[in-house]
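So the structure is just underneath, and the comments pick up after that.
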Amino acid sequence: NRKQASLLNFFKKP
Amino acid sequence: MFEARLVQSAILKKVLEAIKDLLTEATFDCSDSGIQLQAMDNAHVSLVSLNLRSDGFDKYRCDRNLSMGMNLGNMTKIMKCAGAEDTVTMKAQDNADVVAFMFESKNQEKVSDYEMKLMNLDQEHLGIPETDYSCIVKMPSQEFARICRDLSQFGESMAISCTKEGVKFSSAGDIGSANIKLAQTANVDAEEEAVVIEMQEPVSLTFACRYLNSFTKATPLSAQVQLSMSADVPLVVEYKIGELGHIRYYLAPKIED
Numbered sequence: 450n451r452k453q454a455s456l457l458n459f460f461k462k463p
Numbered sequence: 102m103f104e105a106r107l108v109q110s111a112i113l114k115k116v117l118e119a120i121k122d123l124l125t126e127a128t129f130d131c132s133d134s135g136i137q138l139q140a141m142d143n144a145h146v147s148l149v150s151l152n153l154r155s156d157g158f159d160k161y162r163c164d165r166n167l168s169m170g171m172n173l174g175n176m177t178k179i180m181k182c183a184g185a186e187d188t189v190t191m192k193a194q195d196n197a198d199v200v201a202f203m204f205e206s207k208n209q210e211k212v213s214d215y216e217m218k219l220m221n222l223d224q225e226h227l228g229i230p231e232t233d234y235s236c237i238v239k240m241p242s243q244e245f246a247r248i249c250r251d252l253s254q255f256g257e258s259m260a261i262s263c264t265k266e267g268v269k270f271s272s273a274g275d276i277g278s279a280n281i282k283l284a285q286t287a288n289v290d291a292e293e294e295a296v297v298i299e300m301q302e303p304v305s306l307t308f309a310c311r312y313l314n315s316f317t318k319a320t321p322l323s324a325q326v327q328l329s330m331s332a333d334v335p336l337v338v339e340y341k342i343g344e345l346g347h348i349r350y351y352l353a354p355k356i357e358d
């Protein structure tokens, strides 16, 4: 089973 | 003073169709170089990055940087009032709380003016790291839309696997499974019909079909779409908007639980 990752895991918050 | 004019209002209508599935509101950042928009969907799974270059407009003026927060449902209502052949001009004063849309028919026999209230939206522009992607696939945008639609019937997610031989899309679920393989095209008459693969390393990633289907709302903007993939990073789906710019979608992968 796979779970949906969040973009916030990859891209930097300002 | 901000003013941007497009002879083909249809382009702006298509841009709006391409983003309103994912976003209910968004900030259009206007500067001397053009109009940019960057926003994530509510679930923080996908991101839309729109870039319209000032030199792609038929007329463009932006004296001071301007951020215009717009409700995209309301903007859609207004853009539906433009005829397919109309010219559109967007205008705003510095520090304005409204944006004006003017639609002009050919020969200027009909001129329509609409004003829309702007919103103050919280802006959080994410830093997207420069990435050398392992695989870049260019393919007809209609083919990609068709594949996303067809595979969505089988499961909530689909795998995209790329090798130098080709790209494979697959999905599985209660009713069974589906696999679609596209080989790199050897010879094509029309460039937009080509499937071209640039591969450094093979990649296989899994994505939610729902978001991919939303991205394909941009299909009318471009005959070709470009998919950029590397292991364990978000997919980039890019549609060029003629000489005007591009729309890019980023999608976080589904990962092992």
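Taken in sequence, the protein lines are chains A and B.
Take the first sequence: its letters are residues 450 to 463, numbered as in this note's numbering.
Take the second sequence: its letters are residues 102 to 358, numbered as in this note's numbering.
Backbone N, C-alpha and C fix where the C-beta goes; we use that ideal spot for every residue, glycine too.
Exposure of Pro463 of chain A, with buried meaning 16 or more beta-carbon neighbours within 10 Å: When all chains shown are included, Pro463 of chain A counts as exposed.
What does the Cβ neighbour count give for Cys236 of chain B, buried or exposed, with the cut at 16 atoms within 10 Å? It counts as buried.
Within 10 angstroms of the Cβ of Gly346 of chain B, are there 16 or more other Cβ atoms? Answer buried if so, exposed if not. It is buried - the Cβ of Gly346 of chain B has at least 16 other Cβ atoms within 10 Å.
Assign Arg250 of chain B to buried or exposed, taking buried as 16 or more other Cβ atoms, counted over all protein chains shown, within 10 Å of its Cβ. Burial is judged here by how many other beta carbons sit within 10 angstroms of a residue's own beta carbon; Arg250 of chain B has fewer than 16 and is exposed.
Between which residues of its own chain and Phe158 of chain B is the CB-CB distance below 7 angstroms, once the five residues before and five after are set aside? Non-local beta-carbon contacts of Phe158 of chain B in its own chain, meaning distances under 7 angstroms to residues more than five positions away in sequence, involve Ala105, Arg106 and Leu107 in chain order.
Can you tell which of B:Met176, B:Lys282 and B:Ser132 has the C-alpha that lies nearest to the C-alpha of Val268 of chain B? Ranking B:Met176, B:Lys282 and B:Ser132 by Cα distance to Val268 of chain B puts B:Lys282 first.
Coil, strand or helix - Phe204 of chain B by DSSP: It is a strand residue.
Less than 8 angstroms between the beta carbons of Ala295 of chain B and Thr286 of chain B, yes or no? It is a contact, given that the beta carbons lie within the stated cut-off.
Assess contact between the segment 106-123 of chain B and the segment 145-152 of chain B, defined as three or more Cβ pairs (one per stretch) separated by less than 8 angstroms. Is contact present? Segments in contact, yes.
Determine the extent of the beta strand (DSSP E) in which Val337 of chain B is found, giving its start and end residues. It spans Leu336 to Ile342 - the beta strand (DSSP E) in which Val337 of chain B sits, taken as one unbroken run.
Does any residue of chain A have a CB that is nearer than 8 angstroms to the CB of Ser253 of chain B? Judged by the 8 angstroms Cβ criterion, Ser253 of chain B is not in contact with chain A.
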